[in-house]
Ligand code: IMP
Ligand code: MG
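Numbering (this note's numbering), first residue to last: 6 to 190.
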């Protein structure tokens, strides 16, 4: 069968439904709007995983913002990063003196965001904060915590809502755990 059901057969369980994600992202957007009230921010989407969360979160934030995009590649396998991170697409907006909000899909080991925040901080912004859709604190290897986070998840490999396995499953409207046999193959 074609359609969402086609992908759903590979999902062991749904962790966060479409409705739960929408509600929580709206709340987070309101909190961010309060925290940055009266200020302008530069919101940077970390491609590609954060794209869906970014689109929803930006529309839930009511302060002035500029949107920009960065892409990063990590030399890890499909399920884990190695700690070596390379920028493959940089943001075009000048962030010097600006308040920056980095939007990422998930904080796992923490290497990616630690590295990204360092690079952005070198450009002398007024501030850099991180918003993650998901946090997997049990896997952290470096000292970093998201400033804003929608959900804490257990140590399981999750897909959907922008998160992928080998580039697939990003378009699932919910967040689910992949059946282990899918990545055993
Ligand atoms: P970190 O550098 O280990 O924090 O890696 C974060 C990146 O690893 C995320 O941006 C994701 O691309 C990927 N990642 C970590 N855990 C998962 C997961 O459970 N599902 C999908 N991608 C993941
Ligand atoms: Mg990613």
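The beta carbon of each residue, even a glycine, is placed where N, CA and C say it ideally should be.
Boundaries (first-last residue) of the beta strand (DSSP E) holding residue 110 | First-last of the beta strand (DSSP E) with residue 110: 104 to 112.
How would you label residue 147, buried or exposed, when you count the other beta carbons within 10 angstroms and need 16 or more for buried?
-> That one is exposed.
Within 7 Å: the Cβ of residue 114 and any heavy atom of the ligand IMP?
-> Distances between the C-beta of residue 114 and the heavy atoms of the ligand IMP include at least one below 7 Å.
Is there at least one non-hydrogen atom of the ligand IMP closer than 7 Å to the beta-carbon of residue 56?
-> Not under cutoff, so the answer is no.
Verify whether the separation of the beta carbon atoms of residue 90 and residue 136 is less than 8 Å.
-> The answer is no: Cβ separation not under 8 Å.
Residues bridged to residue 157 [DSSP beta-bridge criterion] = Its beta-bridge partners are 140.
Thinking C-beta only, is residue 110 closer than 8 Å to residue 167?
-> Yes, Cβ-Cβ distance for residue 167 and residue 110 is below 8 Å.
State the start and end residues of the unbroken alpha helix (DSSP H) segment that holds residue 148.
-> In this chain, residue 148 is not harboured by any alpha helix (DSSP H), its DSSP state being neither H nor E.
Apart from the five residues just before and just after residue 5, which ones in its own chain have a Cβ nearer than 6 Å to its Cβ?
-> The structure shown does not extend to residue 5, since the chain is modelled only from 6 to 190, so the question has no answer here.
Does the Cβ of residue 173 have 16 or more other Cβ atoms within 10 Å, making it buried, or fewer, making it exposed?
-> Residue 173 is classed as exposed because its beta carbon has fewer than 16 other beta carbons within 10 Å across all chains shown.
Measure the Cβ-Cβ separation of residue 183 and residue 162 and say whether it is below 8 Å.
-> It is a contact, given that the beta carbons lie within the stated cut-off.
Smallest Cα separation from residue 2: which of 124, 119, 150, 106?
-> For the chain, the structure presents residues 6 to 190; residue 2 sits outside this window and is missing.
Does any C-beta atom of chain C lie closer than 8 Å to the C-beta of residue 136?
-> The structure shown contains no chain C; it is built from a single protein chain.
May I ask whether a heavy atom of the ligand SAH can be found less than 7 Å away from the beta carbon of residue 148?
-> You won't find the ligand SAH in this model; what it holds is the ligand IMP and the ligand MG.
Pick from 65, 94, 27: whose alpha carbon is nearest that of residue 78?
-> The candidate whose alpha carbon is nearest that of residue 78 is 94.
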